[in-house]
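Take the sequence shown: its position 245, counted from the start at 1, is 245 in full-length UniProt numbering, and no numbers get skipped.
Glycine residues also receive a C-beta, built at the ideal position from the N, C-alpha and C atoms.
All values derive from a computational prediction rather than experimental measurement.
Single-structure report; data block below.
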Amino acid sequence: MSQPLNHAPGLGEFLRRNSTYAILVAIGVGFAILSPDFLTLNNLLTVALQSTLVALAAMGMTLTIITGGIDLSVGSVAALSGALAAGLATRGGLGTYPGLLIGLLAGAGIGLLNGAMIVWGRIPPFVATLATMAIARGLTLVYTQGRPIAGLDRAFTFWGSDSLLGVPLPVWVLLVVAVLIHLLLSQTALGLHIYAVGGGEETTRLAGVSVGMVKLCVYIISGATAALSGLILTARLWSAQPNIGVGLELDAIAAAVLGGSSLAGGVGSIPGTLAGAFIIGVLSNGLNLLEVPSYNQQVIKGLVFILAVTLDYFIKQRRSPKLRRVTPQEKTSEGA
């Protein structure tokens, strides 16, 4: 008897596996129809540049969410890192690259503090990172005295304003960081342990994995990616603004969730998070092109996010045979 042929996955299965990308394409097609300027090369590069800042912070956020945690401090960390780097590079007299390095290390240090409070202090991630969010923002205002720090040299602003092969440098930085974190998640033991912690912390501990060290690594990476986002934004603005990064944590969480990460932990991917960040970037850019007032944009974004997450849930849950509810009739027939 001949074996049945393996048919290619249908449209439903394709959408189930790639729902985030399908939503991104649908939103992009909609704006392309509504605005002739959307698909121009300059505008697409602008979208990529705008999405970079959210995507960088969202990648670190994704790691914390996979472990079942959260990092609410990323916006404040971005502001503090940018302010420290700019201040040390100018009035501190250290120079650009030592300033950038210290800014990056400051972000990783706050991530380490978050991890230490969660692992050894037994403080819930929401509370711990909410506290460091307030502390980092306060330190930023104290350090800057509430005023911008200007006078950055060309070596600093280069990272936010120059291009390579016609593509803005921040986008290249994003691609490099995305590849590294994706490889960490998919090709290393640490990545396997990150998923395991989110899937079942006690089971992972009984398997001999140091859950505490995994969490420390995750929050350090989250702090570093938030700091990198702040450094790039500071370079783009040619000055350190004490109020940058306000709301960045919400955009980062939204990008991760839109990308398929589960707030219950154990699920998430870097490609999905990048798609989620670009959904946010495309939405903001498209609404600006359509000249929608800024106070209306927040309402529209919220509604689109709810619709996108609901649609994603519907596609993944209702299309999956494993998760479909079995009817009493089916149970009877199986028993027969």
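Backbone secondary structure at residue i - three-state DSSP
| i | result |
| --- | --- |
| N6 | Here the model assigns N6 a pLDDT of 49, short of 50, so the residue's position is not dependable, and the following value carries that caveat. N6: coil per DSSP, three-state reduction. |
| A207 | coil |
| I118 | helix |
| A240 | strand |
| I149 | strand |
| F38 | coil |
| E291 | coil |
| V267 | coil |
| N296 | helix |
| V257 | helix |
| P124 | coil |
| G335 | In this prediction, G335 scores a pLDDT of 45, lower than 50, which makes its location untrustworthy; the coordinate-derived value is nonetheless stated afterwards. Looking at G335 - three-state DSSP - the assignment turns out to be helix. |
| R137 | helix |
| L94 | coil |
| D251 | helix |
| T20 | helix |
| R325 | Note that R325 scores 43 on pLDDT, short of 50, meaning its location in the model is unreliable and no value can be drawn from it. |
| G200 | coil |
| L88 | helix |
| residue 361 | Nothing in the structure corresponds to residue 361, since the chain is present only between 1 and 336. |
| R319 | Only weak support is given to the placement of R319: the predicted model assigns it a pLDDT of 46, under 50, and the question is left unresolved by the model. |
| L283 | helix |
| G99 | helix |
| I306 | helix |
| I70 | coil |
| V246 | coil |
| E330 | Note that E330 scores 45 on pLDDT, short of 50, meaning its location in the model is unreliable; the coordinates nonetheless yield the value given after this. Helix, per DSSP. |
| T129 | helix |
Residue burial classification, residue i (beta-carbon count within 10 angstroms, cutoff 16)
| i | result |
| --- | --- |
| residue 341 | Because the chain is modelled from 1 through 336, residue 341 falls outside the range shown and cannot be assessed. |
| Q50 | buried |
| R154 | exposed |
| residue 344 | Coverage of the chain is limited to positions 1 through 336, which leaves residue 344 absent and any answer about it impossible. |
| F278 | buried |
| D71 | buried |
| V142 | exposed |
| E249 | buried |
| T225 | buried |
| A240 | buried |
| P36 | exposed |
| A128 | buried |
| I221 | buried |
| N285 | buried |
| L283 | buried |
| T90 | buried |
| V299 | exposed |
beta-carbon residue i near the ligand FMN non-hydrogen atom, thresh 7 angstroms
| i | result |
| --- | --- |
| A227 | The ligand FMN is absent from the structure shown, which contains no ligands of any kind. |
Strand pairing of residue i, partner residues [DSSP]
| i | result |
| --- | --- |
| S163 | P168 |
| I65 | Bridge partners of I65: none, in fact. |
C-beta contact flag for residue i and residue j at 8 angstroms
| i | j | result |
| --- | --- | --- |
| T140 | S76 | yes |
| A85 | G99 | yes |
| D162 | L152 | no |
| A252 | G68 | no |
| S73 | I123 | no |
| T52 | L174 | yes |
| V119 | L216 | yes |
| L289 | F38 | yes |
| G197 | T64 | Residue identity check: residue 197 is Val in the sequence provided, not Gly. Cβ atoms of V197 and T64: not closer than 8 angstroms. |
| H193 | V214 | yes |
| G138 | Y195 | no |
| L104 | L303 | no |
| G276 | A58 | yes |
| G223 | A108 | yes |
| A48 | V179 | no |
| G160 | R236 | yes |
| S81 | A106 | yes |
Min CB distance residue i to chain C below 8 angstroms
| i | result |
| --- | --- |
| A226 | Protein chains in the displayed structure number just one, and chain C is not present. |
Q: Could you tell me whether the segment 200-209 touches the segment 286-302, using the rule of 3 or more Cβ pairs below 8 angstroms?
A: no
Q. At a cut of 8 angstroms, does the segment 130-145 reach the segment 210-221 through at least three beta carbon pairs?
A. no
Q. Between the segment 229-236 and the segment 255-270, are three or more C-beta pairs nearer than 8 angstroms?
A. no
Q. How about the segment 89-97 and the segment 36-56: do they share at least three Cβ pairs that are nearer than 8 angstroms?
A. no
Q: Give a yes or no on contact between the segment 18-28 and the segment 269-279, applying the rule of three or more CB pairs nearer than 8 angstroms.
A: yes
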